[in-house]
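Novice:
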């Protein structure tokens, strides 16, 4: 019963904001007008430039969701193979060549990288997606490598080498399958970090405009009127938090029914 409640709760927390983000723009008729800033009149009042908060909520989810999902996906598409290759290789030089450049990138503060890109790169969602993915890439690769090392150099791996199993079956069938829970849990954290970086980058002028209809931008730009008209901050922040929590609950539930030990996964592969 507890698992079912968590599953339903996670689906609701994730599905609600996603549905609003994907279908919201279809419910807005034409451009929104401007009224008095932080006016409490209406269902949720107005924002810092006098636009209706309801319209901004309907319009503002798609950009932040698509950029965060695209950036997280891109970081994993690059970081996981790099981490797996570094963990499964028997050559120290290959490991060093793969991980040391990422360590240098990790040493650069994300805020400094955002400021540098804001001053040089053209504004747009593609720039923002690549930037957020680049910031997350070193950590994804390091988490993958750290989780994969015990499996890549354990007794099961040695047995698979004796059986002359291919690298694909060893690295993917054994190591990657064995660390899937770690990667799923980390993906939820990475997605939350991507949402934070999208908001920060938007404030610095990378990606969407500072006055764009975007949940992350709404939280930042309307915080000056929090005590005058709180809904312009509270509602988009709640949607972002609900989406982040829902991602973690759904990912945890999807993996709950699978076997958790790497040895059992390796046995299935060898069969």
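In the UniProt record's numbering, the protein residues as written are 1 to 271. Glycine is no exception: its CB is placed at the ideal position from the N, C-alpha and C atoms.
#1: How should residue 124 be labelled, buried or exposed, when 16 other C-beta atoms within 10 angstroms of its C-beta is the threshold for buried?
#2: Our contact map puts residue 44 next to residue 54 with C-beta atoms below 8 Å; I'd like the distance itself, whole angstroms only.
#3: Quick check on DSSP: helix, strand or coil for residue 46?
#4: For a quick check, are the C-beta atoms of residue 69 and residue 191 less than 9 Å apart?
#5: Which value, in whole angstroms, describes the spacing of the CA atoms of residue 38 and residue 58?
#6: Pick helix, strand or coil for residue 3, following the three-state DSSP scheme.
#7: What did DSSP end up calling residue 39 once you bin it into helix, strand or coil?
#8: If you count every other CB in all the chains shown that lies within 10 Å of the CB of residue 195, and 16 or more means buried, which is it?
#9: Decide if residue 145 is buried, meaning its Cβ has at least 16 other Cβ atoms within 10 Å, or exposed.
#10: Under 8 Å: do the stretch 223-232 and the stretch 241-252 share three or more Cβ pairs, one atom per stretch?
#11: Who pairs with residue 359 in a beta bridge, going by DSSP?
#12: For residue 60, count neighbouring Cβ atoms within 10 angstroms of its own Cβ and tell me buried if that reaches 16, exposed if not.
#13: Using beta-carbon positions only, say whether residue 245 and residue 197 come within less than 9 Å of one another.
#14: Under the three-state reduction of DSSP, which class applies to residue 149: helix, strand or coil?
#15: Which same chain residues, not among the five before or five after residue 86, have their C-beta less than 6 Å away from its C-beta?
#16: Taking Cβ to Cβ, would you say residue 148 is nearer than 9 Å to residue 50?
Specialist: Reading from the atomic positions:
#1: Stepping through the chain shown from its first residue, residue 124 is reached at position 124. Around the beta-carbon of residue 124, fewer than 16 other beta-carbon atoms lie within 10 Å, marking it exposed.
#2: For the purposes of this step, residue 44 is identified with residue 44 of the chain shown, where counting begins at 1. For the purposes of this step, residue 54 is identified with residue 54 of the chain shown, where counting begins at 1. With 8 Å as the limit, residue 44 and residue 54 qualify as a contact, their Cβ atoms being about 5 Å apart.
#3: Within the chain shown, residue 46 is the residue found at index 46, counting from 1. Strand at residue 46.
#4: Reading the chain shown from its first residue, position 69 is the one you call residue 69. Reading the chain shown from its first residue, position 191 is the one you call residue 191. Cβ atoms of residue 69 and residue 191: closer than 9 Å.
#5: As a position in the chain shown, residue 38 is number 38, starting the count at 1. As a position in the chain shown, residue 58 is number 58, starting the count at 1. Cα-Cα distance, rounded: 18 Å.
#6: The residue you call residue 3 lines up with position 3 of the chain shown. The answer is helix: DSSP assigns residue 3 an H, G or I state.
#7: Taking the first residue of the chain shown as position 1, residue 39 is located at position 39. Three-state DSSP puts residue 39 in coil, outside helix and strand.
#8: Translated into the one-based positions of the chain shown, residue 195 becomes position 195. By the Cβ neighbour-count rule, residue 195 is buried, with 16 or more other Cβ atoms within 10 Å of its own.
#9: In the chain shown, the residue the question calls residue 145 occupies position 145. It is buried - the Cβ of residue 145 has at least 16 other Cβ atoms within 10 Å.
#10: Pairwise C-beta distances place the stretch 223-232 out of contact with the stretch 241-252, as fewer than three of them are shorter than 8 Å.
#11: The chain is shown only over 1 to 271; residue 359 falls outside these bounds and no answer can be derived.
#12: Here the question's residue 60 lines up with position 60 in the chain shown. Here residue 60 is buried: its Cβ has 16 or more other Cβ atoms, across all protein chains shown, within 10 Å.
#13: Residue 245 sits at position 245 when you count from the first residue of the chain shown. Residue 197 sits at position 197 when you count from the first residue of the chain shown. By the CB criterion at 9 Å, residue 245 and residue 197 fall outside the cutoff.
#14: Taking the chain shown and counting its residues from 1, one reaches residue 149 at position 149. In this structure, residue 149 counts as helix in the three-state DSSP scheme.
#15: Start at 1 with the first residue of the chain shown, and residue 86 comes out as number 86. Exclusion of the five residues before and after residue 86 leaves 95, 98, 99 and 145 as the residues of its chain whose Cβ lies within less than 6 Å of its Cβ.
#16: Taking the chain shown and counting its residues from 1, one reaches residue 148 at position 148. Taking the chain shown and counting its residues from 1, one reaches residue 50 at position 50. Going by C-beta atoms, residue 148 is not nearer than 9 Å to residue 50.
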